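J.:
2 protein chains.
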Amino acid sequence: MTQDTLRLGAFFYATGHHVAGWRHPSSEADGGLNLERYVGWARRAEEAKFDLVFLEDGTGIRDSNLRSSERTARSAHFEPVTLLSALAAVTSRIGLVATTSTSFNEPYNVARRFASLDHLSGGRAGWNLVTSTTDAEAANFGNDQIARHTDRYERAEEFVDVVLGLWNTWDDGAVIIDRASGQFSKQDGFRPLNHRGKHFEVRGPLNISRTPQGQPVLVQAGSSGPGKDLAARTAEIVFTANQTLAEAVEFYGDLKERMARFGRARDDLKVMPGLFPVVGRTEAEARAKFEALQDLIDPVVGLALLERMVGGFDLSGHDPDGPVPELPEAEGAKSRQQLMFDLARREGLTLRQLYLRIAGARGHSQIVGTPAQIADEMEERFRAKGADGFNIMPATLPGGLDDFIALVLPELRRRGLFRSEYEGRTLRDHLGSRPPARVASAPASPTQA
Amino acid sequence: MTQDTLRLGAFFYATGHHVAGWRHPSSEADGGLNLERYVGWARRAEEAKFDLVFLEDGTGIRDSNLRSSERTARSAHFEPVTLLSALAAVTSRIGLVATTSTSFNEPYNVARRFASLDHLSGGRAGWNLVTSTTDAEAANFGNDQIARHTDRYERAEEFVDVVLGLWNTWDDGAVIIDRASGQFSKQDGFRPLNHRGKHFEVRGPLNISRTPQGQPVLVQAGSSGPGKDLAARTAEIVFTANQTLAEAVEFYGDLKERMARFGRARDDLKVMPGLFPVVGRTEAEARAKFEALQDLIDPVVGLALLERMVGGFDLSGHDPDGPVPELPEAEGAKSRQQLMFDLARREGLTLRQLYLRIAGARGHSQIVGTPAQIADEMEERFRAKGADGFNIMPATLPGGLDDFIALVLPELRRRGLFRSEYEGRTLRDHLGSRPPARVASAPASPTQA
Numbered sequence: 001m002t003q004d005t006l007r008l009g010a011f012f013y014a015t016g017h018h019v020a021g022w023r024h025p026s027s028e029a030d031g032g033l034n035l036e037r038y039v040g041w042a043r044r045a046e047e048a049k050f051d052l053v054f055l056e057d058g059t060g061i062r063d064s065n066l067r068s069s070e071r072t073a074r075s076a077h078f079e080p081v082t083l084l085s086a087l088a089a090v091t092s093r094i095g096l097v098a099t100t101s102t103s104f105n106e107p108y109n110v111a112r113r114f115a116s117l118d119h120l121s122g123g124r125a126g127w128n129l130v131t132s133t134t135d136a137e138a139a140n141f142g143n144d145q146i147a148r149h150t151d152r153y154e155r156a157e158e159f160v161d162v163v164l165g166l167w168n169t170w171d172d173g174a175v176i177i178d179r180a181s182g183q184f185s186k187q188d189g190f191r192p193l194n195h196r197g198k199h200f201e202v203r204g205p206l207n208i209s210r211t212p213q214g215q216p217v218l219v220q221a222g223s224s225g226p227g228k229d230l231a232a233r234t235a236e237i238v239f240t241a242n243q244t245l246a247e248a249v250e251f252y253g254d255l256k257e258r259m260a261r262f263g264r265a266r267d268d269l270k271v272m273p274g275l276f277p278v279v280g281r282t283e284a285e286a287r288a289k290f291e292a293l294q295d296l297i298d299p300v301v302g303l304a305l306l307e308r309m310v311g312g313f314d315l316s317g318h319d320p321d322g323p324v325p326e327l328p329e330a331e332g333a334k335s336r337q338q339l340m341f342d343l344a345r346r347e348g349l350t351l352r353q354l355y356l357r358i359a360g361a362r363g364h365s366q367i368v369g370t371p372a373q374i375a376d377e378m379e380e381r382f383r384a385k386g387a388d389g390f391n392i393m394p395a396t397l398p399g400g401l402d403d404f405i406a407l408v409l410p411e412l413r414r415r416g417l418f419r420s421e422y423e424g425r426t427l428r429d430h431l432g433s434r435p436p437a438r439v440a441s442a443p444a445s446p447t448q449a
Numbered sequence: 001m002t003q004d005t006l007r008l009g010a011f012f013y014a015t016g017h018h019v020a021g022w023r024h025p026s027s028e029a030d031g032g033l034n035l036e037r038y039v040g041w042a043r044r045a046e047e048a049k050f051d052l053v054f055l056e057d058g059t060g061i062r063d064s065n066l067r068s069s070e071r072t073a074r075s076a077h078f079e080p081v082t083l084l085s086a087l088a089a090v091t092s093r094i095g096l097v098a099t100t101s102t103s104f105n106e107p108y109n110v111a112r113r114f115a116s117l118d119h120l121s122g123g124r125a126g127w128n129l130v131t132s133t134t135d136a137e138a139a140n141f142g143n144d145q146i147a148r149h150t151d152r153y154e155r156a157e158e159f160v161d162v163v164l165g166l167w168n169t170w171d172d173g174a175v176i177i178d179r180a181s182g183q184f185s186k187q188d189g190f191r192p193l194n195h196r197g198k199h200f201e202v203r204g205p206l207n208i209s210r211t212p213q214g215q216p217v218l219v220q221a222g223s224s225g226p227g228k229d230l231a232a233r234t235a236e237i238v239f240t241a242n243q244t245l246a247e248a249v250e251f252y253g254d255l256k257e258r259m260a261r262f263g264r265a266r267d268d269l270k271v272m273p274g275l276f277p278v279v280g281r282t283e284a285e286a287r288a289k290f291e292a293l294q295d296l297i298d299p300v301v302g303l304a305l306l307e308r309m310v311g312g313f314d315l316s317g318h319d320p321d322g323p324v325p326e327l328p329e330a331e332g333a334k335s336r337q338q339l340m341f342d343l344a345r346r347e348g349l350t351l352r353q354l355y356l357r358i359a360g361a362r363g364h365s366q367i368v369g370t371p372a373q374i375a376d377e378m379e380e381r382f383r384a385k386g387a388d389g390f391n392i393m394p395a396t397l398p399g400g401l402d403d404f405i406a407l408v409l410p411e412l413r414r415r416g417l418f419r420s421e422y423e424g425r426t427l428r429d430h431l432g433s434r435p436p437a438r439v440a441s442a443p444a445s446p447t448q449a
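So the sequences go chain by chain: A and B.
First residue of the first sequence: 1, per full-length UniProt numbering; consecutive thereafter.
First residue of the second sequence: 1, per full-length UniProt numbering; consecutive thereafter.
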């Protein structure tokens, strides 16, 4: 059965995705450190029947220019797994997806935390697996520079196998709690993993039982070759950034093709590109909203954002009104750097124009328009097989989210493109996907009881 | 001012501290993986004005004998920081203390998570710093054996300095959110730590601002010499196990003496030994409750518990009705092993008698008696300066907690020994302590902006 409705994520990036969003009256600018704000946003998204809340993460202030960080709301924010754990207690249906890096964590700890979140939420947890991409983050973990791209992915590949393996060290229904016999779990209901690989040696079993979803939903964002292979093998959601419809369709087809190699069906992975909407009842109103945000951008912040997006290179010596310079290939986020170069070339942008262009969507699709215009573009991409849904990136929170819910969702529902009620209880129920085949034990690891 | 009332922790160890507690009708045996249960227990403890909820943790199933683990409720349980984050959303005053090991984590990640919990809870977070003590845990992180005791403490010393340093990379009031000027945080309101030590190199700053408590409360449980020094320098709570009053008074005095060396006042650290109470309206009723629990102990589980308590040595070859054998000094929890030997010698216990003796309190004080008897012993230890309070270890949850609240707390209040209302809002308010002096930067780390 081919999927016939959109999947939608509510991507909360305190306090809204626009780099100057916190300065706008439609944001709650203290949201990054205020649980009540997040509870309000999450409840709005759940009331609107979003599939999930999505939180990104970095293991440090990514902007090595602290003078720019002082002028953004992203310098200080909750750690996402703790935040989603809190939200698990006050929501009941919406999925909860947090980003955690494989670069500076141990797989046993990550497997435990997401299993714990899945239990806490009754089966609503998702892990967005990323590799860390900036030297600023590496410096918090004893490294001067971030590891090379291929090394990061090699570690990530093994990391995810260990995590999947650990989630499967307990059987379904292993916890029986038989007071009379004194048997808490089934005999042999759990067992070691005994993983021995290049990066990790992990005995297991996990000290938490199999979760309500069996295993939490894996989400990935990498768009490079190794990133796509890893996603095709293990992910149920891919969060990606595409600019043109043609690029989106190509990416989507490529990814779904790759799934067959791993014995997976196309519908078991949902491609959900980021989408930054600025909605107005008229196009003029939408444009005015957007311009009000653009006018609030501090040049220091805009340039620092761009520096990060092109791989951490210093751009301060270049004329802001000149062309985007040639730069070496980034060791950090390669696909993001390429996205920036493609965008600048396609639209003939100067440095300043480029940072203004990405100040909201950071390279993701940006639509400033009426509900019908936004729904048109979403529907077109969906029908053309360029997306299974979208990760909605409100410019401000809660203002941008409220606008999307009040204006765009009714239009999508009129077109039969989005649910009016939840049908299931778990994140995987909402997605309608199936998990990748169980990893009973990771490669090259003999399993023994 | 000398402290005149007790501090009380509610130590939740699903599903009660008695090793067979889960089999008893007064427990909710699925509590280890059921958020609703924990919410109920935490709300009861908050209603009763406990200072804090305390959660222990291990980075793996500690019992290397999985056949015993199958028969205990501790094999599968929530990860504590995620669980307390969930509880933060549904409680408002009670402190939230989670254990996290320094052995298999990175200080930047730990500092972030507890800072996040402190923000989520409005200043109620505490970190119980431990070093991991079992080979079973080490095997989940690429090590065949746990590190030597001195090495673990050396790492822990540096770890805590980095965490304290990171918590202080942001100034009080640094987040100003000035929309008009575009300044989100004060100029120079945060700065790198630039720690370069033997075990860690951590640049900082933290990507979360200074927390409501300035820094979360540090809790420690080590009772060895290095453990006591670390506590005297940095902890505001010490969780410990003492058997006799004389031992308790000696430990207490020693610890408070050590504080002076670090320029700290005695009242700024609260010694809170574990206390395992089994309460009855009469002594006979209390004894009957206890015997009902003891009768539920599976010998396999009892012996495995004892094996872990004496350092992971295999005891299966020894006569259960013979004396406790001589064993080499443990590399794991040294003070716990010594506690077992002292207890067996003092009371002349066989192996079986010893495991029956520790099946509830695991070496902590155990009192089976009336409310007056329990209050007498608490008061005596408090007045003799052997404790500033107690970490209450209910035999079953919620039954044992309910008994303590219904029967013992009124007796303590009659004696003026425990609060009837919270006076403050943060965990530190409840404790009435002051944090250790700020660690502006860790030793040997030049601070530069």
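Glycine included, each C-beta is placed from N, C-alpha and C at the ideal position.
None of these values were measured; they are calculated from a predicted model.
When you compare the CB positions of A/PHE239 and A/GLN366, do they come within less than 8 Å of one another, or not?
T.: Cβ atoms of A/PHE239 and A/GLN366: not closer than 8 Å.
J.: Starting from the beta carbon of B/TRP22, find every residue of chain A whose beta carbon is closer than 8 Å, and list them in chain order.
T.: Per Cβ cutoff of 8 Å: ILE177, ARG179 and PHE184.
J.: Answer yes if the stretch 28 to 40 of chain B comes into contact with the stretch 293 to 305 of chain B, meaning at least three C-beta pairs across the two stretches below 8 Å, and no otherwise.
T.: As far as the Cβ criterion goes, the stretch 293 to 305 of chain B does not touch the stretch 28 to 40 of chain B, which means the pair count is below three.
J.: Could you check where the alpha helix (DSSP H) with B/PRO80 kicks off and where it finishes?
T.: That run of the alpha helix (DSSP H) goes 80 to 88.
J.: Helix, strand or coil: how does DSSP classify B/SER26 here?
T.: Reduced to three states, the DSSP call for B/SER26 is coil.
J.: What is the C-beta distance between B/ILE392 and B/LEU8, in whole angstroms, given that I count them as a contact (C-beta under 8 Å)?
T.: That pair is a contact at about 6 Å.
J.: Counting only beta-carbon atoms, is B/LEU299 nearer than 8 Å to chain A?
T.: According to the sequence as given, residue 299 of chain B is Pro; it is not Leu. No, B/PRO299 does not count as interfacial toward chain A.
J.: Identify the continuous alpha helix (DSSP H) that holds A/PHE159 and give its terminal residues.
T.: From DSSP, the alpha helix (DSSP H) with A/PHE159 extends over 149 to 167.
J.: So, are the CB atoms of B/ASP268 and B/ARG210 less than 8 Å apart?
T.: No; because the gap between Cβ atoms is not below 8 Å, this pair is not in contact.
J.: Candidates A/PRO192, A/GLN145, A/PHE404 and A/THR234: which alpha carbon is nearest A/LEU129's?
T.: That would be A/THR234, whose Cα lies nearest to the Cα of A/LEU129.
J.: Assign B/THR91 to one of three DSSP states: helix, strand, or coil.
T.: Of the three classes helix, strand and coil, the one that applies to B/THR91 here is coil, per DSSP.
J.: List, in chain order, every chain A residue whose beta-carbon is nearer than 8 Å to that of B/THR82.
T.: Within chain A, the residues near B/THR82 are VAL81, THR82, SER85, ARG113, SER116, LEU117 and LEU120.
J.: Beta-carbon of B/GLY58 versus every beta-carbon of chain A: anything under 8 Å?
T.: So, interface residue.
J.: Taking contact to mean 3 or more Cβ pairs, one atom from each stretch, closer than 8 Å, check whether the stretch 72 to 90 of chain A and the stretch 84 to 104 of chain B are in contact.
T.: Yes, since at least three Cβ pairs between the stretch 72 to 90 of chain A and the stretch 84 to 104 of chain B fall closer than 8 Å, the two stretches touch.
J.: Can you list, in chain order, the residues of its chain with a C-beta nearer than 7 Å to that of B/GLU158? Leave out the 5 residues immediately preceding and following it.
T.: Result list for B/GLU158: GLY197, LYS198, HIS199 and PHE200, in chain order.
J.: Compute the Euclidean distance between the alpha carbons of A/THR72 and B/GLN338, then round it to the nearest angstrom.
T.: Going by the C-alpha atoms only, they are around 54 Å apart.
J.: Using the rule of at least 16 other Cβ atoms within 10 Å of the residue's Cβ for burial, across every protein chain shown, is B/ARG345 buried or exposed?
T.: So B/ARG345 counts as exposed.
J.: Residues of chain B with CB closer than 8 Å to the CB of A/ASP30, please, in chain order.
T.: Near A/ASP30 (Cβ distances below 8 Å), the residues of chain B are VAL175 and ILE177.
J.: From B/ALA147 to B/LEU55, what distance separates their C-alpha atoms?
T.: B/ALA147 and B/LEU55: Cα-Cα distance of roughly 24 Å.
J.: From A/ASP342, A/VAL279, A/GLY189 and A/PHE50, pick the residue whose C-alpha is nearest to that of A/ILE208; which is it?
T.: It is A/GLY189 whose Cα lies nearest to the Cα of A/ILE208.
J.: With A/ASP135 and A/SER64 assumed to form a contact (beta carbons below 8 Å), what rounded beta-carbon distance in angstroms separates them?
T.: Contact holds; Cβ gap of about 7 Å.
J.: Apart from the five residues on each side of it in sequence, which residues of its chain come closer than 7 Å, Cβ to Cβ, to B/THR99?
T.: Once the five neighbours on either side are set aside, the close Cβ partners of B/THR99 are LEU55, GLU56, ASP57, PRO80, ASN128 and VAL130.
J.: Counting only C-beta atoms, is A/ALA147 closer than 8 Å to chain B at any point?
T.: Not one chain B Cβ lies under 8 Å of A/ALA147.
J.: Helix, strand or coil for B/GLY432, going by three-state DSSP, please let me know.
T.: DSSP places B/GLY432 in coil when its eight states are reduced to three.
J.: Between the alpha carbons of A/VAL162 and A/VAL202, how many angstroms are there, rounded?
T.: Using only the alpha carbons, I get a separation of about 8 Å.
J.: Can you pull the chain B residues whose beta carbon is under 9 Å from the beta carbon of A/VAL202, in chain order?
T.: Neighbours of A/VAL202 on chain B, chain order: ALA139, ASN140, PHE141 and GLY142.
J.: B/ASP178 lies in the beta strand (DSSP E); which residues open and close that run?
T.: It spans 175 to 178 - the beta strand (DSSP E) in which B/ASP178 sits, taken as one unbroken run.
J.: Report the three-state DSSP secondary structure of A/HIS195 (helix, strand or coil).
T.: A/HIS195 falls in the strand class under three-state DSSP.
J.: Mapping the DSSP letters down to three states, classify A/LYS270 as helix, strand or coil.
T.: Strand at A/LYS270.
J.: Would you say A/GLY189 faces chain B, with C-beta separation under 8 Å as the test?
T.: Judged by the 8 Å Cβ criterion, A/GLY189 is in contact with chain B.
J.: Is the beta carbon of B/LEU243 less than 8 Å from the beta carbon of B/ASP118?
T.: The question names Leu, but residue 243 of chain B is Gln in the sequence shown. Not in contact: B/GLN243 and B/ASP118 (Cβ atoms no closer than 8 Å).
J.: Listing by chain order, which chain B residues have their CB less than 7 Å from the CB of A/PRO205?
T.: Correct list: ILE61.
J.: In three-state terms, what does DSSP make of A/VAL39?
T.: Correct three-state label for A/VAL39: helix.
J.: Taking 8 Å as the threshold (C-beta atoms), are A/THR91 and A/ALA42 in contact?
T.: The answer is yes: Cβ separation under 8 Å.
J.: Give the DSSP bridge partners of A/GLU201, in chain order.
T.: The partner list for A/GLU201 (beta bridge, DSSP) reads A/ARG196.
J.: How far does the beta strand (DSSP E) with B/ARG7 in it extend, from its first residue to its last?
T.: Start and end: 7 to 11.
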